[in-house]
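First the structure, in the form of structure tokens, and then the observations on it.
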Amino acid sequence: MSETPHIDIDYVANLARLDMTDAEKAKLGTQLDDILGYFDKLNAVDVDGVEPMAHAHRVFNVWREGDEPGETYAPEVLTKMAPESRDNQVVVPKVVE
Amino acid sequence: MSDLHFKTISELAAMLAAGETTSVEITQAVIDRTAAVDAQVKAFLSTDTEDALAQAKASDERRAAGKALGPLDGIPIGIKDTLAVKDQPLRCASKMLENYVSPYDATCIVKLREAGAVIWGRLNMDEFAMGSSTENSAYQTTANPWDLETIPGGSSGGSAAAMAAGEAIATLGTDTGGSIRQPAALCGVVGMKPTYGLISRYGLVAFASSLDQVGPFARTVEDAAILMEAMLGKDDLDSTSIAPQGETNYSEALKTKKGPWKLGVPQEFFGEGIDPEVKANIEKAIDWYKSQGCEIVDISLPHSELAVPVYYIVATAEASSNLARFDGVRYSHRSEEAKDAMTLFTKSRGEGFGDEVKRRIILGTYVLSSGYYDAYYLRAQKVRRLILGDFEKAFEQVDAILTPTSPTPAFKRGERADDPLAMYLSDVYTISVNLAGLPAISVPSGFTESGLPIGLQVIGKAFGEADMFAVANAFEKAHDYAQQTPTL
Chain P
1 MSETPHIDID
11 YVANLARLDM
21 TDAEKAKLGT
31 QLDDILGYFD
41 KLNAVDVDGV
51 EPMAHAHRVF
61 NVWREGDEPG
71 ETYAPEVLTK
81 MAPESRDNQV
91 VVPKVVE
Chain R
1 MSDLHFKTIS
11 ELAAMLAAGE
21 TTSVEITQAV
31 IDRTAAVDAQ
41 VKAFLSTDTE
51 DALAQAKASD
61 ERRAAGKALG
71 PLDGIPIGIK
81 DTLAVKDQPL
91 RCASKMLENY
101 VSPYDATCIV
111 KLREAGAVIW
121 GRLNMDEFAM
131 GSSTENSAYQ
141 TTANPWDLET
151 IPGGSSGGSA
161 AAMAAGEAIA
171 TLGTDTGGSI
181 RQPAALCGVV
191 GMKPTYGLIS
201 RYGLVAFASS
211 LDQVGPFART
221 VEDAAILMEA
231 MLGKDDLDST
241 SIAPQGETNY
251 SEALKTKKGP
261 WKLGVPQEFF
271 GEGIDPEVKA
281 NIEKAIDWYK
291 SQGCEIVDIS
301 LPHSELAVPV
311 YYIVATAEAS
321 SNLARFDGVR
331 YSHRSEEAKD
341 AMTLFTKSRG
351 EGFGDEVKRR
361 IILGTYVLSS
371 GYYDAYYLRA
381 QKVRRLILGD
391 FEKAFEQVDA
401 ILTPTSPTPA
411 FKRGERADDP
421 LAMYLSDVYT
431 ISVNLAGLPA
441 ISVPSGFTES
451 GLPIGLQVIG
461 KAFGEADMFA
471 VANAFEKAHD
481 YAQQTPTL
């Protein structure tokens, strides 16, 4: 377990775009050290030459038979779901200075 | 008819066909039962009785016109809060989706409607299906109807508890690492996870896309088979769904496939961490199969002890990517403190997600991050193939595999809340099945001395549902565990 790197939570939380309180980070840090220590079990396995498996079945390049137009939604149905909308458009805080 | 709510789909279908009851009567019985017990059980996040009764009335009218659709016509089915049901809330038990209402039906819901089913209520779960106890719901903690102080399992805890308490005739759940089978075992009902790809995931809120599957909870194996027949099939809206292979007339298979079978028992599933009562119970079930002429084969799944770390790397990696869509922009919670693009994302996500979801997003982001990808994610994907290889080798010798579903019966609320690793180990017997994409079912196999249910897991070959159902059905029909109900 000593070989397990301690997670830099600030760095990872920034990658994940996730705001966390100091208390949350402190608690999570200890828990993640335990969990990652447990993950070290995997280092004991010889995986030389083993092909990685991303999926239960081999699925490649799935093409639709024919892309028929189906039911669509009126813009107001979809923009209604947004926290804020105006004129059938989603409103967000200013993102360009 | 006071006990309609505890009847099976096949019993009710026969009664409906004979004109002995109506869908409105059945639906009303389920509504009344829910009103009577859900204050204790807390299985439902929301219900729409008017909508359910309208569907029931439509079913009765169909039947009166001679146009009844089949065994599911008029049967009320509860839905886990992670599947889209048109015009109903879909919150995934998260504050992040507090105000979300589905604009469309998930494909499995469309198929149930086509079969005439009455879509009934939204069932509690662990937030975004992350958990094994339903304690991670942002709204309420569901109780196990067999002992209200204990958890119902998870993440589909509401779906399992509603079945045990008679609040639905059947329910749907989702199973990413055991989230149908483990709560089914802990609540004493049947729960089944299909072969990966057999049921469309369209309309299911994605957690870990290479593992997630929709599946049924039911009172009997036969009912689960009826539900599977209605829902399976390739769907253009889910490119990972697969055209069914092999025998898919499961109800017929239950009548024709009588064994004896060659059944594998992996010794790795009976070692450290298993509760002695669970162990004795499952060994007794294995002895029963032996007494029926089945050949019991000792098999080895040598990489199964690595399933937990592989799963929690693969699943959290996929989750961190899938949950990136909850960004406060289009349909999820938005923080009032959002001042610019960055705080819009970080504050909204920080406020909207609960502890376990945050834990998994951080873990998943970490194992995918530069410098750690090879050591964790890539290595886990390789070990995943070794786990599949173990099963493929075992299935050269046997028709199905028997194991406990959960290493322990239901545990007390709060017992593992602060120890995520202990919670993750609740899934030790179920997750290798998801990693390998196989079908598996949990059937009630008895009770502990204190009266808590235990479940037997039958694992089938890929697309081997017909045999898996038949093996489970034989055990169920020879015992009365599935007919027992808790006192509430």
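Same order as they appear, the protein sequences are chains P and R.
Going by the UniProt record's numbering, the first residue of the first sequence is number 1, and it counts up by one from there.
Going by the UniProt record's numbering, the first residue of the second sequence is number 1, and it counts up by one from there.
We put the CB at the ideal spot given by N, CA and C, even for glycine.
The beta-carbon of L198 (chain R) is placed no less than 8 Å from the nearest beta-carbon of chain P. Per DSSP, the beta-bridge partners of M192 (chain R) are R:I441. Secondary structure of T487 (chain R) (DSSP, three-state): coil. Residue contact with chain P for R122 (chain R): absent (no Cβ-Cβ distance below 8 Å to any residue of chain P). Listed along chain P, the residues sitting closer than 8 Å to G328 (chain R) by beta-carbon distance are P83. In the three-state DSSP reduction, A36 (chain R) falls in the helix class (H, G or I).
Looking only at R:C92, R:K86 and R:A170, the smallest Cα-Cα distance to F353 (chain R) is reached by R:C92.
When CB distances to chain R are screened at a threshold of 7 Å, the residues of the region 36-58 of chain P falling below it are Y38, F39, K41, L42, V45, V47, V50, E51, P52, M53, A54, H55, A56 and H57, in chain order. Under a 10 Å Cβ-count criterion, F395 (chain R) is classified as buried, with 16 or more other Cβ atoms of the shown protein chains found around its own Cβ.
Under the three-state reduction of DSSP, E20 (chain R) is assigned to coil, being neither helix nor strand. Interface annotation for the region 370-385 of chain R against chain P: Y376, L378, R379, A380, Q381, K382, V383, R384 and R385, criterion Cβ-Cβ distance under 7 Å. Residues of chain P with a Cβ closer than 9 Å to the Cβ of A129 (chain R) do not exist, since the nearest Cβ in that chain sits about 18 Å away. If you draw a straight line from the Cα of V443 (chain R) to the Cα of Q40 (chain R), it comes to about 25 Å. Taking 8 Å as the CB threshold, T346 (chain R) lines the interface with chain P.
Scanning chain P for C-beta atoms nearer than 9 Å to the C-beta of T365 (chain R) yields V12, A13, L15, A16 and L18, reported in chain order. Excluding its 5 nearest sequence neighbours in each direction, L72 (chain R) has C-beta neighbours in its own chain below 6 Å: A115, G116, A117 and A230, listed in chain order. Taken in chain order, the whole alpha helix (DSSP H) runs of length 4 or more contained in the region 258-304 of chain R are 276-291. By a beta-carbon distance limit of 8 Å, K80 (chain R) contacts S156 (chain R). Their separation comes to about 5 Å. T171 (chain R) has R:G78 and R:F217 as its beta-bridge partners, per DSSP. Counting only Cβ-Cβ distances below 7 Å, A338 (chain R) has contacts in chain P at P93, in chain order. For A341 (chain R), the enclosing alpha helix (DSSP H) begins and ends at A341 to G352. Within chain P, no C-beta atom comes less than 9 Å from the C-beta of S321 (chain R); the nearest is roughly 10 Å away. Look at D87 (chain P): its C-beta is not under 8 Å from any C-beta on chain R. Note on geometry: alpha-carbon atoms of P309 (chain R) and T21 (chain R) lie some 50 Å from one another.
Residues of chain P whose Cβ lies closer than 7 Å to the Cβ of P309 (chain R) are, in chain order, Y38, F39, K41 and L42.
For the set R:G246, R:L69, R:T34 and R:L263, the Cα lying nearest the Cα of F475 (chain R) is the one of R:L263.
Chain R places a beta carbon closer than 8 Å to that of D34 (chain P), counting this residue as a contact. For R359 (chain R) and L28 (chain P), the gap between their C-alpha atoms comes out near 7 Å.
For the set R:A165, R:A422 and R:S335, the Cα lying nearest the Cα of L4 (chain R) is the one of R:A165. For V458 (chain R) against A472 (chain R), the beta-carbon gap comes to about 5 Å, under 8 Å, which counts as contact. Remark: C-beta atoms of I26 (chain R) and A170 (chain R) do not approach each other more closely than 8 Å. Among the residues of the region 348-361 of chain R, those with a Cβ less than 7 Å away from any Cβ of chain P are R349, G350, K358, R359 and I361, in the order of the chain. Put simply, the backbone Cα of V383 (chain R) is about 8 Å away from that of M53 (chain P). Within the same chain, K80, L123, T171, G173 and F217 come within 6 Å of S159 (chain R) by CB-CB distance, once the 5 residues on both sides are set aside.
For G451 (chain R), no pairing in a beta bridge is given by DSSP.
A26 (chain P) sits in a helix when the DSSP states are folded into three classes.
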